[in-house]
């Protein structure tokens, strides 16, 4: 049905006078009469009783007058939701992440994003970086946040921050008495590390040690940062981690700076190079706002 017919009907139903209704609609009276007849033919029932002196609604016309505003309200809601979706203010966002990034920029960005766009439903999916990349390519998630980017033409890495690497150890470790350590101080220490076969970040740290002049003596390899922290706390070895992880560490652990410092580790937001999602763009803009507007790599 042409919605103009409903608008013409509502004007006449309010005025109950063809001349005044036509003037209100900025059209001539004959076209209005023609449009009302078309509407009645389409509905198969008279909507008005006409005489030389008055125009009155029929029972069917009265019902339509009561129901037609609901049509316009629903239409306006549909148009508003469409506009919001087009602007990215309404929709879904699936984010892959590793547990260790839930400090610093990501939780701050999620908090700000939720405040600004409460009608966007976002969900976090905790998985290894390799699983995140696979999920990205299969379009099961929209973006992910992890350390050490992927060189892949299908993906785009956007640098968020660089973080210093600190050494973590039990508070009663002999080296814990010093506020600053040299990388060489760790040469004879047993290490607890993330799984080298599953973590590019773990390999990054391993290579940092090699460049610093020693090969870390890795005694235990784990998948989750919390497991690593628990093993370090239990005295199974020391570990190298981004400084921000100290916010997740349980009591009984200390983080110490290294001098000369190891290379800082990057944190990236990674997404499909061909993804033009309006919701994703707003989320990336939020991350950029909190991190000095870095550019995609």
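In our numbering, the protein residues as written are 17 to 313.
Cβ coordinates follow ideal geometry from the N, Cα and C atoms, glycine included.
Could you tell me the alpha carbon to alpha carbon distance between residue 124 and residue 303, rounded to whole angstroms?
Within the chain shown, numbered from 1, the residue matching residue 124 stands at position 108. Within the chain shown, numbered from 1, the residue matching residue 303 stands at position 287. Approximately 9 Å, taken between the alpha carbons.
Just grab the DSSP bridge partners of residue 169 for me.
The sequence position of residue 169 within the chain shown is 153, counting from 1. BP columns for residue 169 are empty, so no partner.
C-alpha distance - residue 291 paired with residue 152, whole-angstrom precision:
For this step, residue 291 is matched to residue 275 along the chain shown. For this step, residue 152 is matched to residue 136 along the chain shown. Using only the alpha carbons, I get a separation of about 10 Å.
Could you tell me the alpha carbon to alpha carbon distance between residue 205 and residue 251, rounded to whole angstroms?
Start at 1 with the first residue of the chain shown, and residue 205 comes out as number 189. Start at 1 with the first residue of the chain shown, and residue 251 comes out as number 235. Residue 205 and residue 251: Cα-Cα distance of roughly 11 Å.
How is residue 127 classed by DSSP in three states: helix, strand or coil?
Taking the first residue of the chain shown as 1, we reach residue 127 at position 111. In the three-state reduction of the DSSP assignment, residue 127 falls in the helix class.
Find the nearest neighbour of residue 177 within the set 210, 284, 147, judged by alpha-carbon distance.
Locating residue 177 in the chain shown gives position 161, where the first residue counts as 1. Looking at the Cα atoms, 284 is the closest of the given residues.
Check whether the stretch 257–267 touches the stretch 229–238, taking contact to mean three or more Cβ pairs, one atom from each stretch, closer than 8 Å.
Taking 8 Å as the limit for Cβ pairs, the verdict is that the stretch 229–238 does not touch the stretch 257–267.
Give the list of continuous alpha helix (DSSP H) stretches no shorter than 4 residues that lie fully inside the stretch 149–227.
As far as the stretch 149–227 is concerned, it has no whole alpha helix (DSSP H) run of at least 4 residues.
Element boundaries [alpha helix (DSSP H), containing residue 35]
What you label residue 35 is simply residue 19 of the chain shown in a count that begins at 1. Looking at the DSSP string, the run of the alpha helix (DSSP H) that includes residue 35 is 34–41.
Mapping DSSP to helix, strand and coil, what is residue 139?
Stepping through the chain shown from its first residue, residue 139 is reached at position 123. Strand at residue 139.
Three-state secondary structure (DSSP) at residue 266?
Taking the chain shown and counting its residues from 1, the one referred to as residue 266 is at position 250. The three-state secondary structure of residue 266, taken from DSSP, is coil.
Less than 7 Å between the beta carbons of residue 247 and residue 184, yes or no?
The residue labelled residue 247 in the question sits at position 231 within the chain shown. The residue labelled residue 184 in the question sits at position 168 within the chain shown. No Cβ-Cβ contact shorter than 7 Å links residue 247 with residue 184.
Looking only at its chain, what residues have a beta carbon closer than 8 Å to the beta carbon of residue 199, apart from the 5 residues adjacent to it on each side?
Start at 1 with the first residue of the chain shown, and residue 199 comes out as number 183. Excluding sequence neighbours, residue 199 sits near 225, 228, 229, 230, 274, 276, 278.
Under the three-state reduction of DSSP, which class applies to residue 71: helix, strand or coil?
Here the question's residue 71 lines up with position 55 in the chain shown. Judged by DSSP in its simplified three-state form, residue 71 adopts strand.
Enclosing alpha helix (DSSP H) for residue 26 [first to last residue]:
In the chain shown, the residue the question calls residue 26 occupies position 10. Segment 19–31, the alpha helix (DSSP H) holding residue 26.
Alpha carbon to alpha carbon, what distance is there between residue 163 and residue 288?
Position 272 of the chain shown, counting from 1, holds the residue named residue 288. Position 147 of the chain shown, counting from 1, holds the residue named residue 163. Linking residue 288 to residue 163 through their CA atoms gives a straight-line distance of about 17 Å.
Are the stretch 105–117 and the stretch 67–82 touching, with three or more C-beta to C-beta distances below 8 Å?
No, they do not touch.
Test item: CB-CB of residue 281 and residue 179 under 7 Å
In the chain shown, counting from the first residue as 1, residue 281 sits at position 265. In the chain shown, counting from the first residue as 1, residue 179 sits at position 163. Yes, Cβ-Cβ distance for residue 281 and residue 179 is below 7 Å.
In terms of DSSP beta bridges, what is residue 287 paired with?
Start at 1 with the first residue of the chain shown, and residue 287 comes out as number 271. DSSP, once it has assigned bridges, lists 159, 172 as partnering residue 287.
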